[in-house]
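Inspection log for the structure reproduced underneath, given as structure tokens.
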Amino acid sequence: MPDFQAVADIATQYGWPTALGFVLAVVSHQVLGRVIDRFLPPRDGVENTEMQFIKSERPLTDHRLFSVSSYWLNLGIDQMPFPSRYPVRTQMYRDMLKILVRTMSSELEAHLKDLSAKSSNAEWQRHATLVLSMAVTEYEKRFKEQGIPDIVIERFRDWNRASLSYITHTIATLQDSEIADSNSKKTSFLLSAVLAAMKTAFIDAERTLIGLNGQLTGKFYRGKEIE
């Protein structure tokens, strides 16, 4: 569970609904992460924790976010279970996840150099928030181009808001962190927060597509009528 002060800070800045959503996102990640982790690539050797990665001084391009994203895109997402009674929604589910994972990982990787460059804490926070906003805007644009119905995009946005709030809160917290005392370290922690949030997005996409019933009546996806 997140500590009370962190939740109170979010409530003060964003309101209690967002704060409660943050708690739900953290708890969901802890519980559901055990399920999602079955579809992650195996770790090599000792547990690759955040602090171990930072101490190793490896390049940010070696961060686990990128290897996990590659695994999901090439194998993991296609193996994710989805109710067999929804073959068209299953395809939509997997397409959405691939678009989201590919966009989030590629946008972050493209800005690693700028994010880790020397700048003030406030400048890093602004830049990190901008990159996150750009990634979200881009994957929603790609959802639409893929033919994902607007109601699905809107409902997923509602469910996924808590996870995005978790990332923005992490960014705000890192601004004054004494542990993450360089922009490279801040960016590494940010990548870990995004990886955690993406796991929760898998569940958000599932409950979006299973929860929509009459709203999808008569709509088609990839030339097939949605169940």
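Terminal number for the sequence shown in the numbering used here: 379, no gaps in between. For every residue, glycine included, the Cβ atom is placed at its ideal position computed from N, Cα and C. If you're wondering where the values come from, they're calculated on a predicted model, not measured in any experiment.
{"Query": "Alpha helix (DSSP H) segment containing residue 363, residue limits", "Result": "335–363"}
{"Query": "Short Cβ contact (9 Å threshold) for residue 347 with residue 267", "Result": "no"}
{"Query": "Per DSSP, the bridge partner or partners of residue 218", "Result": "The partner list for residue 218 (beta bridge, DSSP) is empty, contrary to what the question assumes."}
{"Query": "Spatial neighbours of residue 263 in its chain, beta-carbon cut-off 8 Å, leaving aside the 5 residues before and after", "Result": "279, 283"}
{"Query": "Residue 225 to residue 231 span [Cα, whole Å]", "Result": "10 Å"}
{"Query": "As assigned by DSSP and simplified to three states, the class of residue 377", "Result": "strand"}
{"Query": "Residue environment, residue 369, which counts as buried when at least 16 other CB atoms sit within 10 Å", "Result": "exposed"}
{"Query": "Neighbourhood of residue 251 by C-beta, 8 Å cutoff - its chain only, sequence neighbours within 5 removed", "Result": "291, 294, 295, 298"}
{"Query": "Exposed unless 16 or more other CB atoms sit within 10 angstroms - verdict on residue 335", "Result": "buried"}
{"Query": "Nearest residue (CA-CA) to residue 360, options 214, 281, 246", "Result": "246"}
{"Query": "Pairwise C-alpha distance: residue 205 and residue 327", "Result": "20 Å"}
{"Query": "In DSSP terms, what residue 372 is bridged to", "Result": "377"}
{"Query": "Separation of residue 255 from residue 312, as counted between CA atoms", "Result": "16 Å"}
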